[in-house]
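Chemist:
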Ligand code: NAD
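Residue numbers (the working numbering): 12 to 361.
In structure tokens form, the structure reads like this:
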């Protein structure tokens, strides 16, 4: 792939989380000459184990710290001569944002602001900053909820966030946009649909269902299970982010999605079928017997759908994984990595 500069140093915030850690592996594999500084506060969602095989990697430095810590960010940008910020760090679970929105405003809004301010000061002090980039990784949830017949979200769909999570992400998106328009800071924004794959914390739908199935616990489905989400394999998200870093236009937003709308209940049924096939001795079989409808999430968005024509047509990105194959690989990963999720369950008392 065409690179902006022969060698980069990336500051990857939230690199010990789900998407961030997948991105770290992807970047080191595809850009072996680059250096990565992972900055992560290791909240309940961050896991040092996600990067354990890279502990001795000569091009990776791990720093435990908070994106709200301005002196730390200032120091890291300057001492590492960072050229790309890939900003994943966030509070990311909608249910937690309903119970405690304060942490979402702090990390997602104040944290993003702190990074942008620090990056701006650093960028102003450089002589030839043309190759610098600030990638702000965001979500399709900022666009609100669609009816079954509405067209999919485009980059010009008005923002209408409905949860404290999506509102805090919307606020951070607006700041990233404003820093381009006001100061010319080379920010790029991506709004992606639901990801799935290895290293996802087992509070999110797919890993939650897998670990509950393996423990013979109920599979909680919100409301009538008819909420629709677009699903993208996390490694496809990483190639999209790589594409945007290399070929995206600063100041632009790119929607990322897999053209893969699925109702929650249909997803859970497919997952149950696959688990019946992959694990013949499940505690409860057939697995679908564990499906349990629970009281709907407050303000639960009905449907999200992404129109990804801008990134596919302008930047030439395409998702590579089919949902069937991606789901199978994901389930196999959770089956092969029981110690990984069991430790998280023990730690978090989930
Ligand atoms: P995650 O919750 O798995 O990981 C978040 C990481 O950020 C964790 O490692 C955590 O320790 C770290 N973190 C949290 N607060 C921090 C702080 N104050 N300072 C430093 N680090 C902090 O989240 P994820 O699913 O990997 O999502 C990553 C990004 O992608 C988020 O910005 C999210 O909004 C966005 N996104 C996620 C999805 C999805 O389906 N998971 C879809 C679209 C966009």
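Glycine included, every Cβ here is placed at the ideal spot set by N, Cα and C.
1) Tell me, to the nearest whole angstrom, how far the beta carbon of residue 285 is from that of residue 358; I am working on the premise that it is less than 8 Å.
2) Identify, in the order they occur along the chain, each residue of the same chain with its Cβ nearer than 6 Å to the Cβ of residue 203, setting aside the five sequence neighbours on each side.
3) Mind pulling the alpha helix (DSSP H) runs of 4 or more residues that sit fully within the stretch 248-331?
4) Provide the residue span of the alpha helix (DSSP H) that contains residue 105, from first to last.
5) Please determine whether the Cβ atom of residue 99 lies at a distance below 8 Å from any heavy atom of the ligand NAD.
6) Under DSSP, the alpha helix (DSSP H) around residue 225 begins and ends at which residues?
7) By DSSP, does residue 10 sit in helix, in strand, or in coil?
8) Excluding sequence positions up to five away, which residues of its chain have a Cβ less than 7 Å from the Cβ of residue 134?
9) For residue 14 and residue 191, I'd like the C-alpha separation in whole angstroms.
10) Taking the alpha helix (DSSP H) that residue 202 falls in, what are its first and last residues?
11) Is the beta carbon of residue 30 within less than 8 Å of some heavy atom of the ligand NAD?
12) Pick out the complete beta strand (DSSP E) segments inside the stretch 41-129, 3 residues or longer, and give them in chain order.
13) Assess contact between the stretch 48-58 and the stretch 69-89, defined as three or more Cβ pairs (one per stretch) separated by less than 8 Å. Is contact present?
14) Taking 8 Å as the cut-off, is the beta-carbon of residue 54 closer than that to any non-hydrogen atom of the ligand NAD?
15) Beta carbon of residue 50: closer than 8 Å to some heavy atom of the ligand NAD?
16) Tell me the residue span of the alpha helix (DSSP H) that contains residue 177.
Modeler: Taking the structure as given:
1) Actually they are not in contact, since the Cβ atoms of residue 285 and residue 358 sit about 27 Å apart, beyond 8 Å.
2) Here the set comprises 248 and 267.
3) Runs of the alpha helix (DSSP H) inside the stretch 248-331: 275-289 and 320-326.
4) In this chain, the alpha helix (DSSP H) harbouring residue 105 covers 105-110.
5) Within the cutoff, so yes.
6) Going by DSSP, residue 225 is part of the alpha helix (DSSP H) stretching over 216-225.
7) Any question about residue 10 goes unanswered here, given that the chain covers just 12 to 361.
8) The residues are 140, 143 and 196.
9) Note on residue 14: pLDDT 49, under 50, position unreliable in the model; no value is reported.
10) First-last for residue 202: 198-203, but that is the beta strand (DSSP E), not the alpha helix (DSSP H).
11) Residue 30: yes, Cβ under 8 Å from the ligand NAD.
12) Those beta strand (DSSP E) runs which fall completely within the stretch 41-129 and span 3+ residues are 46-51, 71-75 and 95-98.
13) Touching, yes, given that three or more Cβ pairs across the two stretches are closer than 8 Å.
14) At least one heavy atom of the ligand NAD lies closer than 8 Å to the C-beta of residue 54.
15) For residue 50, the Cβ falls inside the 8 Å cut-off from some heavy atom of the ligand NAD.
16) Start and end: 175-194.
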